[in-house]
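Enquirer: First the structure, which I've put down as structure tokens, then a few questions once you've had a look.
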Amino acid sequence: STMAAMSASSASDDIIYLDYNATTPLAPECCAAITQAMELYGNPSSTHSLGRAAKTAYDRARGQIAGLVGASASEMVMVSCGTESINYALRGAAVTAAKAAKAAKAG
């Protein structure tokens, strides 16, 4: 099967993977971080110990991501999917364009 071939080939670097639009292989560090995060099932908005542990991990990850892109953690907006992120980007572009048009009219 294809999965068996992928598993067998992954270890030997015999394949060149070109379907990064579908998914990408994870770096071992990412896999470890995700595995650790999946063990935290508390709601980060809750005040009980499980929630506080999840909130701490969430805040740490948010700060790390912000550092990678040169932003502050407060500038990071975490979303649930690609569609939501695209909507935020489009809305931001529309608001920026409207402000620029208003400034040009006033100018």
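For the sequence shown, my numbering gives the first residue as 21, with consecutive numbering after it. Note that CB positions come from ideal geometry on N, CA and C, so glycine has one too.
I'd like the span of the alpha helix (DSSP H) that includes Met-58, first residue to last.
Expert: 48-58
Enquirer: Taking all protein chains shown into account, do 16 or more other C-beta atoms lie within 10 angstroms of the C-beta of Ala-74, making it buried, or fewer, making it exposed?
Expert: buried
Enquirer: Looking at the secondary structure, which residues open and close the alpha helix (DSSP H) in which Tyr-78 lies?
Expert: 69-89
Enquirer: What is the DSSP secondary structure of Gly-127, counted as helix, strand or coil?
Expert: coil
Enquirer: I need the DSSP call for Asn-41, collapsed to helix, strand or coil.
Expert: coil
Enquirer: Apply the 10 Å Cβ neighbour rule to Ala-28 and answer buried if 16 or more other Cβ atoms are within range, or exposed otherwise.
Expert: Here the model assigns Ala-28 a pLDDT of 47, short of 50, so the residue's position is not dependable and the matter cannot be decided.
Enquirer: For Ala-86, collect the residues of the same chain with a Cβ closer than 7 Å to its Cβ; drop the 5 residues on either side in sequence, then sort them by chain order.
Expert: Ser-92, Ala-93, Glu-95, Met-96
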